[in-house]
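> Protein chains in written order, with my numbering: chain A, 29 to 542; chain B, 29 to 542.
Note that CB positions come from ideal geometry on N, CA and C, so glycine has one too.
I have a structure here, written as structure tokens, and I will follow up with some questions on it.
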């Protein structure tokens, strides 16, 4: 038996674990991706004698949550710094789809939509299979409308109608005018700049520094870090007079870590996330004994196109055309196999069970709300055909089977009820009959990691013994419990803004240490 | 905001957290049960100057896994001590049902059952929804037959036919002659005694002691501990010359810890486990940075009767009569609602969705294989009636609805196909028509916690950085990954014996420290 922690073997600082095939390589290929860090020495006193810099609140991560936290902390009078490991700010948020759910909003009032935080809560718990931490989910729902209002005050522009996404009982999602999370991140970044909050990119969090008295007092970082080279950068210790806020996001791009929790999400499953969505921030919080919550629930996006990298743009065709106004069929059978508006988990699992790609299909009437269609066509992500036969041939679907499926679907639509899969038909949905026809391959990608560290409603990080860790806050995808087993579309931004703001306000008011 | 870890507030040693409703009480009633320990000081050097005792291998826990580990470690030449926190040995294993799955056994050869480790592996992965760590599940399957043989050599007596349990493709489960895990634990305990291995009861593990060099070197325990009084007992430091083996079991009885992972498993859900099945051993391993795996997967037993405590005996009626030869109906509707032989998770979820108790029903023909029926009747767990009407009245089911349900079921049976829920009918299954009729209330109980700390196939504990923790091994329910999302019945003992033996052998050969 080999002892890989042998004290004689000096481990490199934050060095990649080599997949040796030895005793610790428990999963084939598990070290093939992701940012597995070298084993760290159990340090007795981590607090440096001299700090390189000092600030009231250190925010780690520059997505929706981190930026919201920084803005609120600064507004509450604290000095703040934002640390971002990647070369550009915005994290995964800047490539997010730009939909934010809220209950009791002006848009809902205008459209006479009857909604409430309670209903939003119930929808989230139903999708979450009851794994949601009730008080966190309720906090998100109760503060959702205020969160939207807060972004509007920052200058965020939204489309003038609510979007009705799967799993939500009513239309309650605001949609940025540019159909992207960048529509929120950019005004947040402008506000950060206006407030004079420094944002340091290429700055890698190596350690959260906790003192013998149990309090978090700062961070050890590496500046001029070049992702993903964990040996790069120059060490610096930053004192946090009041608190550290972890807003480092999820781990959908961390192949090794996510495969430990769900081995199905292997190298064949790509991710919609930016490459920096790795687990080392989460792991560092676990090192400080943050309580791990529901880490094995990894959400796959059913609207992802395997013919493009990352999030891409094909999902827009899926969610705005094929799913609500068209159909999804299995390539091998030419048949529908699931309610195209079922929750993400149901749809993603169903697609993977087909064993081959699924194909999303809509006709000319079905794409009337689809933004960026020309770009999708140019990139070859979505393909256009004069006839269903031509579409079938291009996607290698048996023509007669596909025509039969479309005829059945049109008959259900005419009858007003989807007798096959119970899809709720949109009021303005028309039969699939008007050329040209559009088709796109579908295969799930890892999209959101529901699990994470435990928070309370004050955004304090809770440890294994159910105590808050003094001086440590968190918000956004690094945390678990808000969404339970399955996150509803457009609840992510709400989560990030609500808890980011709470973390920022509370961190700014936390007890300074002498 | 309160800071519950304020260094000025002295926390009591291992004191219960009071549910204060303050910032850290994140879930209503979450501190109502379970063994939440007080926050521990982050200690720099935990190794005592002087050890009270020394032994080569310390085994924590005295169930199937711990005893198997102790026997193998001693047989390999190590001095061993077994620590058990409860007043009596055997843990939850001693009240286990006594079924152990194995592929390629003498009984299968006798019955001409075509089986293989690969098929056993596939069954486990199917039930486990693909969350299984493949190499662990395969190790269990490959060593399963040898595990049974090992128990036979210890003197364990099995019934002379294989049992075919739900989810297994073929009959592959050995059943102890006394239908209890005690049939295995008692011979294990006898062997431990014969080998001269001391087993200390009422001995609580407070700390695993890890040195600055990263190696586990012993444990701090409290002897004369009175469960669950975390203030009781006398401290002692035991040096482990070679290794510590954690075999402390699952946390199905730990209301607070399990509710953090799955809030649905609340105080209304009892547990089949002995009261000592709490999480503090697992939490202590997490404190040492063992990697948490799939903690949110908690198995509920769908065959549990809410009218008796713990595992009870009513489950025998459910699994040998009502499910295979009878029906299960919702009390409120009088209707069946699920395939009574579906997997545990499907059935348990379905019962909880009824919102009221379910009732298991069988007639005189259906109980022909039901052991202990008289005892169940005496205890009032199962009730007997001359007519279906009388049964309906006693269980508050609408009589006509129940009669209609039974008539429909009998018609399906006659037709050879369960058109309602697809239950595979037993060959010797007869219509429900022969009085007396038997009924029992059903409501799920927490039964097994699939998640736990990460192991490799050498039973070494793997940390957050994917390195083994030197000197630390584990086996059994404290570990995660073997069963994935859902454990098949009778795979638990196999898991415990296989990995317990591996842990014992490897711990005995581990590098001694000077």
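#1: For residue 429 (chain B), would you say it is in contact with chain A, using Cβ-to-Cβ distances shorter than 9 Å as the test?
#2: From the beta carbon of residue 519 (chain A), is the nearest beta carbon of chain B less than 9 Å away?
#3: For the stretch 305-321 of chain A, list every residue whose C-beta sits within 8 Å of some C-beta in chain B, in sequence order.
#4: Show which residues of chain A have a CB atom less than 9 Å away from the CB atom of residue 158 (chain B).
#5: Cβ closer than 8 Å: which chain A residues qualify as neighbours of residue 325 (chain B)?
#6: Going along the chain, which residues of the stretch 474-499 of chain A sit with their C-beta nearer than 9 Å to a C-beta in chain B?
#7: Do residue 309 (chain A) and residue 89 (chain A) have their CB atoms nearer than 9 Å?
#8: Can you tell me whether DSSP reads residue 392 (chain B) as helix, strand or coil?
#9: Using 8 Å as the Cβ pair cut-off and three pairs as the minimum, do the stretch 340-358 of chain A and the stretch 486-494 of chain A touch?
#10: Would you decide whether residue 527 (chain B) is buried or exposed? Buried here means 16 or more other CB atoms lie within 10 Å of its CB.
#11: Please decide whether residue 384 (chain B) counts as near chain A, where near means a Cβ-Cβ distance under 9 Å.
#12: Return the first residue and the last residue of the alpha helix (DSSP H) that residue 170 (chain B) is part of.
#13: For chain E, find out if any of its Cβ atoms is closer than 9 Å to the Cβ of residue 299 (chain B); answer yes or no.
#14: Assign residue 192 (chain B) to buried or exposed, taking buried as 16 or more other Cβ atoms, counted over all protein chains shown, within 10 Å of its Cβ.
#15: How far does the beta strand (DSSP E) with residue 329 (chain A) in it reach, from first residue to last?
#16: On the CB-based measure, 16 or more other CB atoms within 10 Å of its CB, does residue 509 (chain B) come out buried or exposed?
#17: Should the stretch 272-288 of chain B be called in touch with the stretch 470-484 of chain B, which here means at least 3 C-beta pairs below 8 Å?
#18: Pull up the distance between the alpha-carbon of residue 325 (chain B) and that of residue 218 (chain A), whole angstroms please.
#19: If you compare alpha carbons, which of A:228, A:139, A:327 and A:220 is closest to residue 473 (chain A)?
#20: In chain order, what residues of the same chain lie with their CB nearer than 7 Å to the CB of residue 186 (chain B), ignoring the 5 residues before and after it?
#21: For the 8 Å Cβ check, are there 3 or more pairs between the stretch 373-387 of chain A and the stretch 395-407 of chain A?
#22: Could you check the C-alpha separation between residue 361 (chain A) and residue 428 (chain A) for me, to the nearest Å?
#23: How many Å lie between residue 374 (chain A) and residue 420 (chain A) at the Cα?
#24: Measure from the C-beta of residue 507 (chain A) to each C-beta in chain B and report whether the shortest distance is under 9 Å.
#25: Could you give the first and the last residue of the continuous beta strand (DSSP E) run that contains residue 238 (chain B)?
#26: My output table needs one value for residue 527 (chain A): the three-state DSSP class, helix, strand or coil.
#27: Give the secondary structure of residue 14 (chain B) by DSSP, where H, G and I count as helix, E and B as strand, and everything else as coil.
#28: Residues in the same chain with beta-carbon distance under 7 Å from residue 359 (chain A), minus the five sequence neighbours each way, listed in chain order, please.
#29: What is the C-beta distance between residue 244 (chain B) and residue 498 (chain B), in whole angstroms, given that I count them as a contact (C-beta under 8 Å)?
#30: Taking 9 Å as the threshold (beta carbon to beta carbon), is residue 51 (chain B) in contact with chain A?
#31: What did DSSP end up calling residue 68 (chain B) once you bin it into helix, strand or coil?
#32: Can you tell me whether residue 134 (chain A) is buried or exposed? The criterion is at least 16 other CB atoms within 10 Å of its CB, across all chains shown.
#33: Measuring only the C-alpha atoms, how far is residue 467 (chain B) from residue 399 (chain B)?
#34: State the start and end residues of the unbroken alpha helix (DSSP H) segment that holds residue 151 (chain B).
#35: Does the beta carbon of residue 531 (chain A) sit closer than 9 Å to a beta carbon anywhere in chain B?
So, from the listed chains and residues:
#1: The residue you call residue 429 (chain B) lines up with position 401 of the second chain. Not an interface residue.
#2: Position 491 of the first chain, counted from the first residue, corresponds to residue 519 (chain A). Residue 519 (chain A) does not count as touching chain B.
#3: 311, 314, 315, 317, 319, 320 and 321
#4: As a working note, residue 158 (chain B) is residue 130 in the second chain. Ordered by position in chain A, the residues that pass the 9 Å Cβ test against residue 158 (chain B) are 290, 291 and 292.
#5: Your numbering for residue 325 (chain B) matches position 297 in the second chain. Chain order gives the chain A residues near residue 325 (chain B) as 324, where near means a beta carbon separation below 8 Å.
#6: 479, 482, 483, 484, 485, 486, 488, 490, 491, 492, 493, 494, 495, 496, 497, 498 and 499
#7: Within the first chain, the letter at position 281 stands for residue 309 (chain A). Within the first chain, the letter at position 61 stands for residue 89 (chain A). Cβ distance < 9 Å, so residue 309 (chain A) and residue 89 (chain A) count as in contact.
#8: By 1-based counting over the second chain, the position of residue 392 (chain B) is 364. Residue 392 (chain B): helix per DSSP, three-state reduction.
#9: The stretch 340-358 of chain A makes no contact with the stretch 486-494 of chain A, as fewer than three CB pairs between them are under 8 Å.
#10: Residue numbering aside, residue 527 (chain B) sits at position 499 when the second chain is read from its first letter. When all chains shown are included, residue 527 (chain B) counts as buried.
#11: On the second chain, position 356 is the one that residue 384 (chain B) refers to. Residue 384 (chain B) does not count as touching chain A.
#12: Position 142 of the second chain, counting from 1, holds the residue named residue 170 (chain B). First-last of the alpha helix (DSSP H) with residue 170 (chain B): 162-170.
#13: Reference to chain E is not applicable here, since the protein chains of this structure are A and B.
#14: As a working mapping, residue 192 (chain B) is identified with position 164 in the second chain. Counting Cβ neighbours within 10 Å, residue 192 (chain B) comes out exposed, since fewer than 16 surround it.
#15: Working through the first chain from its first residue, we reach residue 329 (chain A) at position 301. Per DSSP, residue 329 (chain A) belongs to the beta strand (DSSP E) from 326-329.
#16: As a first step, residue 509 (chain B) must be located in the second chain, where it is residue number 481. Buried is the call here.
#17: yes
#18: Counting from one through the second chain, the residue named residue 325 (chain B) turns up at place 297. Counting from one through the first chain, the residue named residue 218 (chain A) turns up at place 190. Between residue 325 (chain B) and residue 218 (chain A), the C-alpha separation is close to 43 Å.
#19: Within the first chain, the letter at position 445 stands for residue 473 (chain A). Taking only the C-alpha atoms, the option nearest residue 473 (chain A) is A:327.
#20: By 1-based counting over the second chain, the position of residue 186 (chain B) is 158. Closer than 7 Å at Cβ, skipping near neighbours: 202, 203, 204 and 205.
#21: no
#22: Start at 1 with the first residue of the first chain, and residue 361 (chain A) comes out as number 333. Start at 1 with the first residue of the first chain, and residue 428 (chain A) comes out as number 400. About 10 Å.
#23: Within the first chain, the letter at position 346 stands for residue 374 (chain A). Within the first chain, the letter at position 392 stands for residue 420 (chain A). Between residue 374 (chain A) and residue 420 (chain A), the C-alpha separation is close to 25 Å.
#24: Within the first chain, the letter at position 479 stands for residue 507 (chain A). No, because no Cβ of chain B sits closer than 9 Å to the Cβ of residue 507 (chain A).
#25: Looking up residue 238 (chain B) in the second chain gives position 210. Here the beta strand (DSSP E) through residue 238 (chain B) covers 232-238.
#26: Along the first chain, one-based indexing puts residue 527 (chain A) at 499. The answer is helix: DSSP assigns residue 527 (chain A) an H, G or I state.
#27: Because chain B is modelled from 29 through 542, residue 14 (chain B) falls outside the range shown and cannot be assessed.
#28: Translated into positions along the first chain, residue 359 (chain A) becomes position 331. Answer for residue 359 (chain A): 384, 385, 386, 387, 423, 424 and 425, listed in chain order.
#29: The residue you call residue 244 (chain B) lines up with position 216 of the second chain. The residue you call residue 498 (chain B) lines up with position 470 of the second chain. Their Cβ separation, rounded to whole angstroms, is 7 Å, which keeps residue 244 (chain B) and residue 498 (chain B) in contact under 8 Å.
#30: To locate residue 51 (chain B), count along the second chain from 1; it is residue 23. Caution is warranted here: a pLDDT of 33 is assigned to residue 51 (chain B), below 50, making its placement in the model unreliable, and the coordinate value is therefore given only provisionally. So, interface residue.
#31: Your numbering for residue 68 (chain B) matches position 40 in the second chain. Confidence at residue 68 (chain B) is low in this model, with a pLDDT of 38, below 50, so its placement is unreliable and the value that follows should be read with caution. Here residue 68 (chain B) sits in coil by DSSP.
#32: To locate residue 134 (chain A), count along the first chain from 1; it is residue 106. That one is exposed.
#33: Here the question's residue 467 (chain B) lines up with position 439 in the second chain. Here the question's residue 399 (chain B) lines up with position 371 in the second chain. Taking the straight line from one Cα to the other gives about 15 Å.
#34: In the second chain, residue 151 (chain B) corresponds to position 123, counting from 1. Element bounds for residue 151 (chain B): 145-155.
#35: If you number the first chain from 1, residue 531 (chain A) lands on position 503. Answer no: the Cβ-Cβ gap between residue 531 (chain A) and chain B never drops below 9 Å.
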